[in-house]
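Encoded as structure tokens, the structure appears first; notes follow it.
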Amino acid sequence: MHTELVAEQHAAAFDRALCDRLSTITAVECPGSPPIRFGIKDGDGTVYRIIETTSLQAAVRLCEVLHEMGLIRSECSRIPGRPLHCAFRVSQDLSGQRQWP
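What follows is the structure in structure tokens.
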């Protein structure tokens, strides 16, 4: 799994906790397979981080982690040259109220 901060000025408050959780996901990548890309949005709806993997197992685990953290699926956004399969954001009722570990 690979993650990239694409808009540092938009990094959300939960980003450190997210990166810590991502480091626990282990799966065998599938070389030669096209990547599955996920966008993570800040409170304004800007994609600030892209997470990609070629492992279906890692993609499923990633969705579980995002759900556990209170993120919900959102409209996909387009990043030039990097199509996203889906995007996630913090739900409105959790914005500003959640204490991230």
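FYI, our numbering numbers position 47 of the sequence shown as 588, with every residue one higher than the one before it.
All C-beta atoms in this analysis are idealised placements derived from N, C-alpha and C, irrespective of residue type, glycine included.
Please read all numbers here as calculations on a predicted model, not as lab measurements.
*Between Glu593 and the rest of its own chain, which residues show a CB-CB distance below 6 Å, the 5 nearest in sequence each way excluded?*
Reading the sequence shown from its first residue, position 52 is the one you call residue 593. The residues are His543, Pro576, Arg578.
*List the DSSP bridge partners of His551.*
Reading the sequence shown from its first residue, position 10 is the one you call residue 551. Bridge partners of His551: none, in fact.
*Compute the distance between the beta-carbons of Leu563 and Val631, then report whether it is under 9 Å.*
Here residue 563 refers to the residue found at position 22 of the sequence shown. Here residue 631 refers to the residue found at position 90 of the sequence shown. The answer is no: Cβ separation not under 9 Å.
*Comparing alpha-carbon positions, which option in Arg590, Leu603, Ser596 lies nearest Arg619?*
As a first step, residue 619 must be located in the sequence shown, where it is residue number 78. Among Arg590, Leu603, Ser596, the Cα nearest to that of Arg619 is on Arg590.
_Can you list, in chain order, the residues of its chain with a C-beta nearer than 6 Å to that of Gln640? Leave out the 5 residues immediately preceding and following it._
What you label residue 640 is simply residue 99 of the sequence shown in a count that begins at 1. Unreliable placement is indicated for Gln640, whose pLDDT of 45 sits below 50; no coordinate value is reported for it.
*Other residues of its chain near Arg602: CB distance less than 6 Å, five sequence neighbours each side excluded*: Residue 602 sits at position 61 when you count from the first residue of the sequence shown. By the criterion of a C-beta distance shorter than 6 Å, Arg602 is surrounded in its chain by Ile566, once the five residues flanking it on both sides are discounted.
*Under 9 Å, do Ala553 and Asp583 count as touching if we go by C-beta distance?*
For this step, residue 553 is matched to residue 12 along the sequence shown. For this step, residue 583 is matched to residue 42 along the sequence shown. Contact flag set, yes.
_Going residue by residue through the segment 544-619, where are the continuous beta strand (DSSP E) segments of at least 3 residues, counting only ones entirely within it?_
Counting whole runs of 3 or more residues, the segment 544-619 contains the beta strand (DSSP E) stretches 577-582, 588-594, 612-615.
*asked:* Going by beta-carbon coordinates alone, are His538 and Cys617 separated by less than 9 Å?
replied: Nothing about residue 538 can be read from this structure; the chain reaches only from 542 to 642.
*Which one of Glu549, Ser615, Gly586, Pro572 has the shortest CA to CA distance from Leu597?*
The count along the sequence shown starts at 1 and reaches residue 597 at position 56. Checking every option, the nearest Cα to that of Leu597 belongs to Pro572.
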